[in-house]
Amino acid sequence: KAGVTQTPRYLIKTRGQQVTLSCSPISGHRSVSWYQQTPGQGLQFLFEYFSETQRNKGNFPGRFSGRQFSNSRSEMNVSTLELGDSALYLCASSSGLSDMNEQFFGPGTRLTVL
Amino acid sequence: QKEVEQNSGPLSVPEGAIASLNCTYSDRGSQSFFWYRQYSGKSPELIMFIYSNGDKEDGRFTAQLNKASQYVSLLIRDSQPSDSATYLCAVTGSSASKIIFGSGTRLSIRP
Chain A
17 KAGVTQTPRY LIKTRGQQVT LSCSPISGHR SVSWYQQTPG QGLQFLFEYF SETQRNKGNF
77 PGRFSGRQFS NSRSEMNVST LELGDSALYL CASSSGLSDM NEQFFGPGTR LTVL
Chain B
9 QKEVEQNSGP LSVPEGAIAS LNCTYSDRGS QSFFWYRQYS GKSPELIMFI YSNGDKEDGR
69 FTAQLNKASQ YVSLLIRDSQ PSDSATYLCA VTGSSASKII FGSGTRLSIR P
């Protein structure tokens, strides 16, 4: 069974630009969660989508948004990029069922904002 | 108080010994508990999950959960150099689908 895939793997942007990251979950999984990982803050939860609906949201500004498509693929968008947005962005896939919520991570997208 | 707390380490353990990693959490309503291993430059890899009080064993790994004390631990027996990594403790928050991660414990296995 194929794992979680994320594209692109690396991105370099400048301040003020916007960026869209993509995540394809494990086949059959309906939940996708997004995380930001930085050396100083660790792994921080951004949001979770299940069946095209945002089910949970972390404490990030509105510049961070996401969506999920009917095939469970998810995108994350960051607008008006800031230097502090440089991080590894990880998505995690799970079945989405309350008693089977083990999450499996993709390889991540490393975003550098200059 | 952080929601999930771990000692950042580094924790240095000789090869062949038992490595013990600890984690405390603040939400008494948490139901699911996970341990992830993350090698430098890689994404986290799920190695154990536990839902009930007590011990759960999988190969060289044992997860221990004590909900009354809000404490979860990971034991690694017969530690190998390949076990050197950062270990992340994760706990479900107010929603079962929202998972909160600790900052991780860096483990180093010395030959």
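Residue numbers (this note's numbering), protein chains in the order written: chain A, 17 to 130; chain B, 9 to 119.
For glycine and all other residues, C-beta sits at the position ideal for the given N, C-alpha and C.
**Prompt:** What residue does the beta strand (DSSP E) around residue 180 of chain A start on, and which one ends it?
**Reply:** The first residue shown for chain A is 17 and the last is 130, placing residue 180 of chain A beyond what the model contains.
**Exposure label - residue 85 of chain A; buried when at least 16 CB within 10 Å** = exposed
**Item:** alpha helix (DSSP H) runs wholly inside the stretch 30-58 of chain B, at least 4 long, in chain order
**Value:** Fully enclosed alpha helix (DSSP H) runs of no fewer than 4 residues are not present anywhere in the stretch 30-58 of chain B.
**Asked** Would you say residue 112 of chain B reaches chain A, if we count a Cβ-Cβ gap shorter than 8 Å as a contact?
**Response** yes
**Prompt:** Going by DSSP, what residues sit across from residue 54 of chain A in a beta bridge?
**Reply:** A/58
**Asked** Taking the continuous beta strand (DSSP E) assigned at residue 42 of chain A, which residues delimit it?
**Response** Per DSSP, residue 42 of chain A is not a residue of any beta strand (DSSP E), being assigned neither H nor E.
**Prompt:** Since residue 100 of chain B meets chain A, which of its residues come closer than 8 Å, beta carbon to beta carbon?
**Reply:** 117
**Message:** Looking at the secondary structure, which residues open and close the beta strand (DSSP E) in which residue 91 of chain A lies?
**Reply:** 90-94
**Message:** Alpha carbons only, please: which of A/126, A/37, A/107, A/118 is nearest the one belonging to residue 20 of chain A?
**Reply:** Of the candidates A/126, A/37, A/107, A/118, the one whose C-alpha sits nearest the C-alpha of residue 20 of chain A is A/107.
**Cβ-based burial, residue 124 of chain A [other Cβ within 10 Å; buried from 16]** = By the neighbour-count rule (16 or more Cβ atoms within 10 Å), residue 124 of chain A is buried.
**Message:** Using a Cβ-Cβ cutoff of 7 Å, what residues of the stretch 80-113 of chain A are near chain B? List them in chain order.
**Reply:** Here the close residues are 106, 112.
**Request:** Indicate whether at least one CB of chain B lies closer than 8 Å to the CB of residue 32 of chain A.
**Result:** Closer than 8 Å: no.
**Asked** Are residue 109 of chain B and residue 93 of chain B touching if we call contact CB-CB under 8 Å?
**Response** With contacts defined by Cβ atoms closer than 8 Å, residue 109 of chain B and residue 93 of chain B do not form a contacting pair.
**Request:** Report buried or exposed for residue 25 of chain A, applying the criterion of at least 16 other Cβ atoms within 10 angstroms of its Cβ.
**Result:** exposed
**Asked** Cα separation between residue 61 of chain B and residue 79 of chain B?
**Response** 10 Å
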